[in-house]
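A quick write-up on the structure given underneath.
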Amino acid sequence: MIREIVQVGDPVLRKKCEKVTRFDGELAALLDDMKETLKAAEGAGLAAPQVGIPIRAVVVDVDEGYFEFINPVFVWQKGEQTGAEGCLSVRGKAGTVTRPEKVRIVFQDRKGDRYALVARGFFARAVCHELDHLDGILYTDKAKNVRDAD
Ligand code: CO
Numbered sequence: 000m001i002r003e004i005v006q007v008g009d010p011v012l013r014k015k016c017e018k019v020t021r022f023d024g025e026l027a028a029l030l031d032d033m034k035e036t037l038k039a040a041e042g043a044g045l046a047a048p049q050v051g052i053p054i055r056a057v058v059v060d061v062d063e064g065y066f067e068f069i070n071p072v073f074v075w076q077k078g079e080q081t082g083a084e085g086c087l088s089v090r091g092k093a094g095t096v097t098r099p100e101k102v103r104i105v106f107q108d109r110k111g112d113r114y115a116l117v118a119r120g121f122f123a124r125a126v127c128h129e130l131d132h133l134d135g136i137l138y139t140d141k142a143k144n145v146r147d148a149d
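Going letter by letter, the sequence shown gives residues 0 to 149 in numbering that gives the first Met the number 0.
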């Protein structure tokens, strides 16, 4: 089911999200909906608070594939990249943000199994953007020049 994407100004986007502790059917249904919502919006990533649920779960869809990260945590961040970014919760805008070039995260999947992953380039940018959402941070807080998107 496609869910409504919350827009900037809604306080749920500013919450520090809760850790996921139950890896049940409700979580699976939420993730399925987030995947469908992300695909329909043609975005690179979506965090649970963006559909109004303040828990630590994000989905990312990039050239490397589709990923679900539950309770993701950075292990390290390396280098620097500067580029354009947008957000499905800040419609019609884009901004230039500096992010790490390469990150390593640990996370759980929808069953609760633990994994680690290294992302670089745009994948790393998407991971950083989505993890920020879990702490109530929007890219516009970090962007140099938020402008109307082309
Ligand atoms: Co976003």
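No residue lacks a Cβ here, since even glycine has one placed at the ideal position from N, Cα and C.
Just so we're clear, the structure is a prediction, and the values are computed from it rather than from any experiment.
Nearest CA to the CA of residue i: which residue from the options?
i    : options                 : result
F22  : A123, L116 and F68      : F68
Q24  : A123, H128 and R109     : The displayed chain sequence assigns Gly, not Gln, to residue 24. The option with the nearest alpha carbon to G24 is R109.
R13  : A47, R2 and E35         : A47
V117 : E17, I54 and E63        : E63
V19  : A39, P71 and T97        : P71
G51  : T97, D140, T36 and F121 : T36
D60  : A39, P53, I54 and E79   : A39
Y65  : W75, E79 and M33        : M33
A125 : L26, L29 and T97        : T97
Excluding the five sequence neighbours on either side, which residues of its own chain have a C-beta within less than 8 Å of the C-beta of residue i, listed in chain order?
i   : result
T95 : T81, G82, A83, E84, A142, K143 and N144
F73 : V102, R103, I104 and L130
K77 : P99, E100, K101 and V102
Leaving out five residues on either side along the sequence, give the residues of the same chain with a beta carbon under 7 Å from the beta carbon of residue i.
i    : result
D147 : G91 and K92
L87  : I4, A40, G42, L45 and Q49
R119 : E100 and K101
Quick one: does residue i have its CB under 7 Å from some CB of chain D?
i   : result
K34 : In the displayed structure, chain D is absent; only one protein chain is listed.
Since I believe residue j is in contact with residue i (beta carbons under 8 Å), could you give me their beta-carbon distance rounded to a whole number of angstroms?
i   : j    : result
R55 : L133 : 5 Å
V89 : T139 : 6 Å
V11 : P53  : 6 Å
K15 : G135 : 6 Å
Of all the alpha helix (DSSP H) runs that stay within the bounds of the stretch 43-92, which reach a length of 4 or more residues?
-> none
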